[in-house]
Amino acid sequence: MISLNVNGKNYKVDVSDDVPLLWVLRDYLKLTGTKFGCGIGECGACTVHINGKAERSCTIPVGKAQGKKITTIEGLPENHPVKKAWIKEQVVQCGYCQPGIMMQVAALISSKPKPSADQVINAMDDVICRCGTHPRIKRGIKAAVEFMRKEG
Amino acid sequence: MMNKPISRRSFLKITGLTIAVSATPFGYNVINASAQKEGSFKPNVWFEITPNNRITMTMGPSEMGQGTHTALGMVIADELEADWKQVKIMQGPASEAFKNPAMGDQITVASSSVRGFYDPLRKAGAAGRAMLVTTAAQTWKVPEEECTAFNGTVKHKKSNRSLTYGQLCLKAAKLQIPKEPRLKNESEFRYIGKPVPRVDIPEKVSGKAIFGLDVKVPDMLYGVIARPPAYGAKPVSFDQKAAEGVKGVRNVVPTPMGVIVCAETLDAAWKGRNALKVQWDKGTLPQMDNNFIEKTFMEDLDKPGSVAAKVGDAQKALGEAQKKIEATYFVPFVAHTTMEPMNCTAHVQKDRCDVWVPTQAQLVSRMLAAQFAELPPEKVQIHTTLLGCGLGRRAAPDFVIEAVVASKVSGKPVKLVWTREEDIKYDFFRAATCQRIQAGLDSQGRLTGWSHKAIAGSIMKDIDPKGIINGVDIMSLWGLLDFPNAPTNNRIMYEIPNFYVEFLLSNLPIPVAPWRAVQNGPNAFVIECFVDEAAHAAGKDPLEFRLQHLKNNMRPRRVLETVAEKAGWGKPIAKGQGRGIAQHCCFGSYVAQVAEVSVNQGNGGVKVNRIVAAVDCGPFVNPDTIKAQIEGGIIEALSTTLKEEVMFANGGVKSENFDDYKIIRMSEIPEIEIHIVKSKEAIGGIGEPGVPPLAPAVANAVFNATGARIRRIPLTPQTVLAAIQKK
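In the order they appear, the protein sequences are chains A and B.
Numbered by the working numbering, the letters in the first sequence go through residues 1438 to 1589 in order.
Numbered by the working numbering, the letters in the second sequence go through residues 111 to 837 in order.
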C-alpha cells in the first residue's frame, strides 16, 4: 500500500512502488488533468508540485512521492493567478500540455514573484508546446505576475 | 485465458479495403426537417432552442485547439441574433448530416471548417431568426417589419413588448423553414469579426477537459502493442507464456500489426509487452538509413517521371534564356508529435460498438470500427473527445482499428495507448521531397521558363489511390499545383509563361500523410527559396522581383506589400543579420512573411529574431483565433526549419522521443507580429496557411546575412556552417 497526499487529501493506493506517480494520479486517483507526453521528463506535460517544487511526475516512482505534499492542476484554485491569466490572455490552443505548463509557471512565480525575461525563458525551456502558444505563454506569465501583485 | 485469434487472412481482407473519403461535393441543406424534435426548436442539426431559453449548438468538426467550435458558434449566433451567454456548444457524433460541404466528409482537415461551414451556418442561423420574428409577430398580431430580433429576444418597439427565444421556440418550430432567409449586412454583425474568447479554454485551464487518454469506461482494460522495429518486419518468435504470466495481464494476441497485450493496468500491459521479448526479422529494406534515403531521392531525380503540368514550352524558353539557373533542394521527413500520443478506447459488444477517440475523421473511424467489430455502421457510436493536437495525424484511423480489435479479442472495453516512442516510430510522416528546378530569365530579368522535377512519397496512396492520376499525386505537389479549378489555390502564383512540372513517386517504404499544410510546406520552401535565387540572378530586390511576377495577382501582391511595409523591408540591418521574404497561398488564404535572423558565422548557429506576417483569408470570424493560428503555424514551421528531421536506421525509425527528436522551445521563439489584411474575397482557411512561407523566409534571411544559399532544412549549425564554408 502506498500512502499519498494529493491536493490536501490522503489516499491509500494498492500499487507497486515503481509505477510512475503520473499513472497513479491519472489511473488510480482519477486526476487526469496531469498529462502523459513523453515518459522521460522531457516535455513537462506531467508537471506537478511536490513540496511546492515543479517536478516531472512521469519519472518519479510513486514510492518516492510518499510523505510529500503533491499538488496537481486540479489542486490549483480556480482563482489562482495563473489560471485567471491563462483565460485572460487566451493562451491555450489544444490545451493538452497546458496543465503541466501552468504548474511550471505557478512554481516559477511563487519562488520568483517578479521573474526576469531570462528567468522566464529558462523555466519555460523545460516544457514543450506543439501548438506554438509560446508568445501567449509569455503574455500569460506577465498577466499572472500582475494578478499576483494586485492580490498581494 | 481465452484469446480469440484473428486470422491473418481476414485481417488483411479488411485492412486491404481502401480507407477512401468521398471527394464528391456535398450539397448542404439548411432545411432539415428530420432534425426537428418535440419540445424544442431544432430547425437543423446544428442548433436547438429550448423553452428554458438555452441554445445548444452541435458541431461536426473536431476541436483540436484551432478554435473551430467557437468560430462556428459565433457564425450561427450572429445570424440567429442569439445572446452568446445562452449558447452552449457540443461536439457532434459521427453522422452524414455533419459532412463539411467543402470536403464532402465529416473530417477536420485542409483548414476547411470555417471556410466550408461559413455560408450554410449563416443561412441556418438567419432562417432561425426569421422564424422567431414571424412567431412573435403572429403572437402579437402585428406586421413582421415592426419586430426586431436582438440578443436572444424579439421586440416590438411600438408596444414595448418583447419575448425571449425560449418563449417563442415551440411555436417557431411549427413554421415552415424559409429557403432564402435575409442574411445580415456586415455592419450588423455582432460576433463575426470580433475577438470572442474561446469556449473550450476554461475547462482546459481547470484541468477537467477530457482528451482521448482521459476517457474512463467501467471495467476497462489497457491495451498496448509490441510493434516491429523495421518496416515490414515480422515476428520470428515471442514468449507468449512469459507475457501471460505477468500479474494483471489478461490477453496476449498476435495480430498483423504486432502483438496486442491487454491488462488490468497500463503498467501491467507494458510489463507484459516487455516480457514478450519479440524477435523480429529484418524487414523489407534493412539497409535503409538517412544516407540511403537521401541517395535514393537523388537517384530518383534522374529517372523519368510523369508530366504533371505543361504550359507553353519551358525547354525552349530555357534554351533561349539570357540567363539560366538550376538548383536541387531536399526536405526530410518530419513527425507530427502531437503532445497527446495516439490512443483510442473501444468497447465492442454483441449489438453495439462505442469508440471514444480524439479523431479528425469521424466517418472513416465509424466505417472502419464497424468493419472490425463486424457490425453495421449504425451500431457504432463515435464519441469524439478533445484532441491533444491533430496536425493531420489524427485523420488516420490506425489507432481506431487497433482499439476495436483489442476490445474484440478481450471482450472488454479497452483503452489502447501509444507511448511517445511509438508515436514517433509509427507516425505517418510529412513526406520528404527532393526537387530540381531550372529557370530561365530574359534580359529584363523576368522569368520566361520554369522546369520543375519533384520526387515524393504518395499522400493519396493510403487515403484514396484514385487520387493518383497517371502517376501524379496532386497532394504531394500542393503548393506547386492544385486540382483543376480548386478554390483552395494550393498552387504557384507567379506569372511564368512557360511552365513544366514532372513528378515521380518515391517508392521507399516510409508511410507519409498530411502534416499541417500538407506538402504546401516543403514545396513552398523549394519554390520561394528558388524564386529568391532567381531574384539574385536577375540582380533584383527579392520583393520587387516577386511583385514583378504577380502583376495580375492582387492578393499575394497585397500581403507582400503589407508585410514589407510593416517589417521595414529595405531598411538597413546590423552586420551578421539578414532579412528574408516569402509568400504562399494555400487553402484559399494568402500569407507573406518577413524573417529577421542573426547568423553566427563561426559555428553556423541561426537565431530567428523576428517574424512579421500578413494574412488575407477573406472575411474572418474570430481575429484572435486567426492570430493564434498563424502564430502557431509559424512556430511549428520554425521548429521544422531549425531542428526537426526523423532519423532512420536498419530499415526502421531510429528517432525515439523528445530527447533525440527535438522540438522548438521558448528560448528559440522570435518576436512575432501578425497583420490581417482585410478583403472581400472568398473565405479561406486559417489553421495551416501560416506554415509554408516561414521556412523560405528564414532560409532567404540566412542567405541575406551570409551569402550562403542553403537548399535543405533543417538549418542546423552544421548545415549552415558547411554552406558558409562552401561559399
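Ideal Cβ placement from N, Cα and C applies to all residues, glycine included.
None of the values given here were measured: they were computed from a predicted structure.
Compute the beta-carbon to beta-carbon distance between residue i and residue j, rounded to the nearest angstrom, for a pair I have assumed lies under 8 Å.
i: A:I1538; j: A:V1564; result: 5 Å
i: B:Q629; j: B:M585; result: 6 Å
i: A:M1585; j: A:I1558; result: Wrong, their Cβ atoms sit about 19 Å apart, outside the cutoff.
i: B:A368; j: B:A336; result: With the sequence shown as reference, residue 368 of chain B is identified as Gly, and Ala is not the correct amino acid for it. Going by Cβ atoms, the distance from B:G368 to B:A336 rounds to 5 Å, so yes, they are a contact pair.
i: B:F407; j: B:C544; result: 4 Å
i: B:G276; j: B:P153; result: Not really, about 15 Å apart at Cβ, beyond 8 Å.
i: B:A747; j: B:V801; result: 4 Å
i: A:Y1533; j: B:M449; result: 4 Å
Can you give me the start and stop residues for the beta strand (DSSP E) that residue i sits inside?
i: A:C1534; result: First-last for A:C1534: undefined, no H or E at that position.
i: B:L376; result: Counting along the chain, B:L376 falls outside any beta strand (DSSP E), though it belongs to the alpha helix (DSSP H) covering L376 to L386.
i: B:M169; result: R164 to M169
i: B:Q491; result: V490 to T494
i: B:D726; result: V716 to D726
i: B:F157; result: F157 to T160
i: B:A783; result: It is Glu, not Ala, that sits at residue 783 of chain B in the sequence shown. Element bounds for B:E783: E781 to I786.
i: A:S1440; result: I1439 to V1443
i: B:A336; result: L331 to A336
Do residue j and residue i come within 8 Å of each other at the CB atom, strictly closer than that value?
i: A:R1388; j: A:G1512; result: This structure does not reach residue 1388 of chain A, given that chain A is present from 1438 up to 1589, and the question cannot be answered.
i: B:E638; j: B:H562; result: no
i: B:L590; j: B:N633; result: yes
i: B:A246; j: B:L273; result: yes
i: B:A385; j: B:A343; result: no
i: A:D1451; j: A:P1498; result: no
i: B:V808; j: B:V707; result: yes
i: B:L182; j: A:C1531; result: no
i: B:T447; j: B:A513; result: no
i: B:V704; j: B:V830; result: no
i: B:C499; j: A:C1568; result: yes
i: B:S568; j: B:L615; result: yes
i: B:S172; j: B:T160; result: no
i: B:V325; j: B:T495; result: yes
i: B:K198; j: B:T166; result: yes
i: B:T735; j: B:L804; result: no
i: A:M1540; j: A:I1507; result: no
Count the other CB atoms, across all protein chains shown, that sit within 10 Å of the CB of residue i; report buried if there are 16 or more and exposed otherwise.
i: B:R292; result: exposed
i: B:F260; result: exposed
i: A:M1438; result: exposed
i: B:R462; result: exposed
i: A:T1570; result: buried
i: B:V519; result: buried
i: B:V140; result: Confidence is the limiting factor: at B:V140 the pLDDT is only 40, short of 50, which leaves the residue's position unreliable, though a coordinate-based value still follows. So B:V140 counts as buried.
i: B:I773; result: buried
i: A:P1572; result: buried
i: B:N608; result: buried
i: B:K681; result: exposed
i: B:D770; result: exposed
i: B:K535; result: buried
i: A:N1516; result: exposed
i: A:K1446; result: exposed
Taking only beta-carbon atoms, is residue i less than 8 Å away from chain D?
i: A:E1583; result: The question asks about chain D, but that chain is absent: this structure's protein chains are A and B.
With a threshold of 7 Å (Cβ to nearest heavy atom), would residue i be considered close to the ligand COA?
i: B:N760; result: Looking at this structure, you won't find the ligand COA or any other ligand, since it has none at all.
At what residues does the alpha helix (DSSP H) containing residue i begin and finish?
i: B:P619; result: Per DSSP, B:P619 belongs to no alpha helix (DSSP H) and is neither H nor E.
i: B:K518; result: D508 to S520
i: B:T543; result: Per DSSP, B:T543 belongs to no alpha helix (DSSP H); it is in the beta strand (DSSP E), T543 to L551.
i: B:P345; result: Here B:P345 belongs to no alpha helix (DSSP H); instead the beta strand (DSSP E) covers P345 to S347.
i: A:N1559; result: A1554 to M1561
i: A:H1517; result: First-last for A:H1517: undefined, no H or E at that position.
Query - Against chain B: residues of the stretch 1443-1459 of chain A by CB proximity under 9 Å - result: Correct list: V1452, S1453, D1455, V1456 and P1457.
Report task. Determine which residues of the stretch 446-478 of chain B have a Cβ less than 8 Å from any Cβ of chain A, and write them out in chain order. Result -> The stretch 446-478 of chain B vs chain A, Cβ under 8 Å: T447, T448, M449, E450 and P451.
Query - Within 8 Å of chain A by C-beta, residues of the stretch 306-319 of chain B in sequence order - result: Legend: CB atoms of the stretch 306-319 of chain B lying less than 8 Å from CB atoms of chain A belong to residues P307, R308, D310, I311, P312, K314, V315, S316, G317, K318 and A319.
Query raised in the report: What residues from the stretch 206-236 of chain B come within 7 Å of chain A, judged by C-beta to C-beta, listed N to C?
Result: Answer set for the stretch 206-236 of chain B: empty.
Query raised in the report: In the stretch 1561-1575 of chain A, which residues sit with their C-beta less than 9 Å from some C-beta in chain B, listed in chain order?
Result: Interface annotation for the stretch 1561-1575 of chain A against chain B: M1561, D1562, D1563, V1564, I1565, C1566, R1567, C1568, G1569, T1570, H1571, P1572, R1573, I1574 and K1575, criterion Cβ-Cβ distance under 9 Å.
Report task. Report the residues of the stretch 182-196 of chain B with a CB closer than 7 Å to any CB of chain A, ordered along the chain. Result -> Those would be none; no residue qualifies.
Report task. Could you run through the stretch 1472-1495 of chain A and flag, in chain order, every residue whose CB is less than 8 Å away from some CB of chain B? Result -> Within the stretch 1472-1495 of chain A, K1472, F1473, G1474, C1475, G1476, I1477, E1479, C1480 and A1482 place their CB atoms closer than 8 Å to a CB of chain B, listed in sequence order.
Report task. Could you run through the stretch 711-741 of chain B and flag, in chain order, every residue whose CB is less than 7 Å away from some CB of chain A? Result -> Cβ contacts with chain A: D734, A738 and E741.
Query - Residues, ordered as in the chain, of the stretch 170-182 of chain B that lie near chain A by beta-carbon distance below 9 Å - result: Within the stretch 170-182 of chain B, the residues whose Cβ lies closer than 9 Å to some Cβ of chain A are E173, M174, G175, Q176 and G177, listed in chain order.
Report task. May I ask you to list, following chain order, the residues of the stretch 526-558 of chain B that have a beta carbon less than 7 Å from some beta carbon of chain A? Result -> Shown in chain order are the members of the stretch 526-558 of chain B whose Cβ falls below 7 Å from a Cβ of chain A: T529 and R530.
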